[in-house]
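Peer 1:
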Amino acid sequence: MLTAIVGINWGDEGKGRMVDLLSEKYDIICRYQGGNNAGHTVINEKGRFVLNLLPSGILRETTVNIMGNGMVVDIEHLTNEMKALTDKGISITPDNLKISEKAIVCLPYHKLQDIMEEDRLKDKKFGSTRRGIAPVYADKYMKKAVRMEDLFHMDELREKMEEILKWKNITVKGYGHDEVALDEMMNWLEEYGAAVRPFITDVSGYLEKAVESGRDIMFEAQLGALRDIDFGIYPYTSSSQTLAAYAPIGSGIPGAKLDETVGIMKAYSSCVGEGPFTVEMFGEEADALRTAGGEYGAATGRPRRVGAFDVPASRYGVKVQGADIIALTKLDVLSYMDRIPVCVAYEIDGEVTTEFPTGERLNRAKPVIEYMEGIGDVSKCRTFDEFPEAAKKYVRFIENAVGCRIKYVSVGAERDEYVVLD
Ligand code: GDP
Ligand code: MG
């Protein structure tokens, strides 16, 4: 069974905890895109863990975790993330963590470039997480990036880096910054290369055999559908493909076909950073929802923008992900509301539409809000039958509106705080 778990919205839907919950049945968990620009939060009996780079399966003893070729990996960050986990008693070995030899190394100058550019843009900034993700993906496509496999050939890598820096320093100096020194980069690559080298391997070969022998593989996305570089709210997107269709490619088995895609969708909306966010709430209304949902970035601590559930955006997310079933998360967060706003359509230049637009039309969209009855307290419910009638109605309304079956509803952050729908 090959399953992708992906975000339907802007990210932070609670993918980490759903992967943690559903990963039990899977032998292998793959990350297939992105870097440490987003964070998953997982709470289980061992503690509270924020994972930026490592697949969530790392918290389960028998699961093999893959960091695929589609990823960009800051190996200093990875080394620290691994240490934080091993300090809490999590075991990480070459048997349960495998990094693709084709994955790209995110270097300190990518972070520098990201920061210099965001500072140059000032109030026009894109809301980058300043972790070098866009610059390193750009370098990948410029074919001037370092791959994990290069870390096995440090002499050749030094020659390669010397050439790359001649090119990179044109940009660095252009921002008025001191040149990046070759020795400094090589020292960094030596130090953190040594830490991650044992885990670098032929991931494609490993996964091909795993598929052949019928092992169960889960692909774990980071960020949601609306952050996909092609199909998201460009340019306020991530720099990678977040969609399920990319999962086999970014993991290392481009010929494999998914059996199932699980879409993680939040019972309301949140959005980190800049860009159009049609359903955005402001003032006290926003503060209340942000506080109830704990909507602060896992990677950065930034307060997230929040809003009502967005039907046009979520229906679009379901479509581009090709979701077969939905896990609706954080329903409990809405319990404090007397009546719940839902954005059922957009009004664009006087016209009402349920289609999700792009570009300038999206910038001009205004939400058409309808109110649903307050759902009451669902946090103690462990079956759908136990839900108050209004909560059942809210779930069924959303299911119908986005056109995809809701199979799971989570009602709290802990592992067992969810219900399964028949
Ligand atoms: P991800 O990036 O999609 O993995 O999501 P994040 O980890 O960034 O954000 C999800 C946050 O919501 C985390 O702090 C979770 O612990 C929390 N969370 C997940 N599911 C639920 C839920 O059903 N109810 C509540 N109250 N919190 C949840
Ligand atoms: Mg997150």
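Okay, so the sequence shown: first residue is -13 according to this note's numbering, each after it adds one.
Quick reminder that beta carbons are idealized off the backbone N, C-alpha and C, glycines included.
Specify the secondary structure class of Asn51 as computed by DSSP and reduced to three states.
Peer 2: strand
Peer 1: On the DSSP bridge list, what partners appear for Arg34?
Peer 2: Ile29
Peer 1: Using a 10 Å radius around the Cβ and a threshold of 16 neighbouring Cβ atoms, would you call Asp136 buried or exposed?
Peer 2: buried
Peer 1: With hydrogens ignored, establish whether the beta-carbon of Gly25 is closer than 6 Å to any heavy atom of the ligand MG.
Peer 2: yes
Peer 1: Run the CB neighbour count on Gly75, radius 10 Å, all protein chains shown included, and call it buried at 16 or more, exposed below.
Peer 2: By the neighbour-count rule (16 or more Cβ atoms within 10 Å), Gly75 is not buried but exposed.
Peer 1: Hey, out of Asn38, Cys16, Ile(-6), whose CA is closest to Gly56's CA?
Peer 2: Cys16
Peer 1: Short of 8 Å in beta carbon distance, which residues of its chain neighbour Val306, apart from the five on each side in sequence? Order them along the chain.
Peer 2: Ala211, Asp214, Phe217, Leu229
Peer 1: With respect to 6 Å, is the separation between the Cβ of Glu31 and the closest non-hydrogen atom of the ligand GDP below this value?
Peer 2: The answer is no for Glu31.
Peer 1: Should Asp214 be counted as a contact of the ligand GDP given a C-beta to heavy atom distance under 6 Å?
Peer 2: no
Peer 1: Okay, do the stretch 399 to 407 and the stretch 2 to 20 touch, 3+ Cβ pairs below 8 Å being the bar?
Peer 2: yes
Peer 1: Does the beta-carbon of Asp318, which I'm using as the reference point, lie nearer than 6 Å to any heavy atom of the ligand GDP?
Peer 2: yes
Peer 1: In this structure, how does DSSP classify Val410 when only helix, strand and coil are distinguished?
Peer 2: Not covered by the structure: residue 410. The range shown for the chain is -13 to 408.
Peer 1: Tell whether a beta-carbon distance below 7 Å holds between Arg291 and Phe263.
Peer 2: yes
Peer 1: For Gly303, tell me which candidate among Leu(-12), Thr(-11), Glu(-1) has the shortest Cα-Cα distance.
Peer 2: Glu(-1)
Peer 1: Quick check on Gln208: does DSSP put it in helix, strand or coil?
Peer 2: Three-state result, Gln208: strand.
Peer 1: Can you tell me the Cβ-Cβ gap for Val158 and Glu165, rounded? I've got them flagged as a contact below 8 Å.
Peer 2: 6 Å
Peer 1: Mapping the DSSP letters down to three states, classify Pro289 as helix, strand or coil.
Peer 2: strand
Peer 1: Thinking C-beta only, is Ala233 closer than 7 Å to Ala(-10)?
Peer 2: yes
Peer 1: Nearest to Gly362 by CA position, among Glu47, Val397, Val338, Glu194, is which residue?
Peer 2: When only C-alpha atoms are compared, the closest one is Val397.
Peer 1: Tell me whether Asp141 counts as near the ligand MG, meaning its Cβ is closer than 6 Å to at least one heavy atom of that ligand.
Peer 2: no
Peer 1: Could you check if Asp6 belongs to the surroundings of the ligand MG, using beta carbon to heavy atom distance under 6 Å?
Peer 2: no
Peer 1: Report the CB separation of Ser86 from Met53 in whole angstroms; it is logged as a contact under 8 Å.
Peer 2: 6 Å
Peer 1: Could you pull out every residue in the same chain whose Cβ sits closer than 7 Å to the Cβ of Asn30, ignoring the five residues on either side in sequence?
Peer 2: Within the same chain, Asn30 has close Cβ partners Asp6, Leu45, Arg401.
Peer 1: Determine the DSSP secondary structure at Asp214, reduced to helix, strand or coil.
Peer 2: coil
Peer 1: Given Arg368, which residues of its chain have a CB within under 7 Å of its CB, disregarding the five upstream and five downstream residues?
Peer 2: Val405
Peer 1: Quick one: what's Lys352 bridged to in DSSP?
Peer 2: The partner list for Lys352 (beta bridge, DSSP) reads Glu333.
Peer 1: How far does the beta strand (DSSP E) with Ser86 in it extend, from its first residue to its last?
Peer 2: It spans 83 to 86 - the beta strand (DSSP E) in which Ser86 sits, taken as one unbroken run.
Peer 1: Let me check understanding here. Comparing Cα to Cα, which of Gly308, Arg391, Lys243, Pro80 lies closest to Tyr192?
Peer 2: Pro80
Peer 1: Threshold first: 3 residues or longer. Then list the beta strand (DSSP E) segments lying entirely within the stretch 239 to 310, N to C.
Peer 2: 246 to 252, 255 to 257, 291 to 293
Peer 1: Run through DSSP, which three-state label would Ser224 get?
Peer 2: Note: Ser224 maps to coil in three-state DSSP.
Peer 1: Straight-line CA distance for Glu260 to Val182?
Peer 2: Those two C-alpha atoms are separated by around 34 Å.
Peer 1: Alpha carbon to alpha carbon, how far is Ile219 from Lys352? Give it in angstroms, no decimals.
Peer 2: 16 Å
Peer 1: Quick one: using the 10 Å Cβ neighbour count with 16 as the cut-off for buried, is Leu348 buried or exposed?
Peer 2: buried
Peer 1: Among the residues of its own chain, which have a CB less than 8 Å from the CB of Trp174, if the five just before and after it don't count?
Peer 2: Glu62, Leu93, Pro94
Peer 1: Could you tell me if Leu107 is buried or exposed, where buried requires 16 or more neighbouring beta carbons within 10 angstroms of its beta carbon?
Peer 2: exposed
Peer 1: Between Asp100 and Ala120, what straight-line distance do the alpha-carbon atoms span, to the nearest angstrom?
Peer 2: 7 Å
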